[in-house]
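As structure tokens, the structure follows; a few thoughts come after it.
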Amino acid sequence: MGWSQDLFRALWRALSKEAKELVGTDQFGNKYYHIPEYKNWRGQTIREKRIVEAASKREIDYDVGDIPTEWEAWIRRTRKTPPTMEEILKNEKYREEIQRKSKDLDEQEKLLSKESSELLAPPVETQIKGHASAPYFGKEEPSVAPTSTGKTFQPGSWMPQDSKKHNQ
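Structure follows, in structure tokens:
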């Protein structure tokens, strides 16, 4: 099946004027091709294509990160020119340096947090009794036992407040 598929692709490229040009390779062995814009046999304009041919031919073997970010940006057309090997190596070295600095910073933070926890006195625990907006704040707390006004209640003695005074 593999050889017949390759034969069909080669025949198709020959008939459709699709000629792929090798643009470059990366450190993993992936090959990158560019097919320029062309007109097919019906006169339609076919836009340019950018193709990656993975080093491992099986799709199962592909993992995220097998294609460097610079090449992926070229494939997705977020950059116009293909990256050079020097640029990829420079960016890889920069990423490693950033990771190293990040690790060093984490270690420094751990040391500082250890030192500061040893130097600072433990926080004082305060007891909160009620809320400042409660009517009994600073006074004796109301008892938990329920109270009743049943013996002292006089019918008609309670009058609602005037709404104008209440709103002000």
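For the sequence shown, the positions run 52 to 219 when our numbering is used.
We put the beta carbon where it would ideally sit given N, CA and C, even for glycine.
- Closest option to D117, judged by alpha-carbon separation, among W125, A106, D157 and D57: A106.
- For E121, there is no enclosing beta strand (DSSP E); the enclosing alpha helix (DSSP H) has its first and last residue at T120 to I126.
- With a threshold of 16 other beta carbon atoms within 10 Å, P119 meets it and is buried.
- For K71, there is no enclosing beta strand (DSSP E), as DSSP marks it with neither H nor E.
- L171 has its alpha-carbon roughly 59 Å from the corresponding atom of Y83.
- In this model, K161 and K100 are separated by some 50 Å (Cα to Cα).
- For the set A70, V74, W54 and W122, the Cα lying nearest the Cα of E143 is the one of W122.
- Taking 3 residues as the minimum length, the beta strand (DSSP E) runs contained wholly in the stretch 75-106 are 82-86 and 100-104, in order along the chain.
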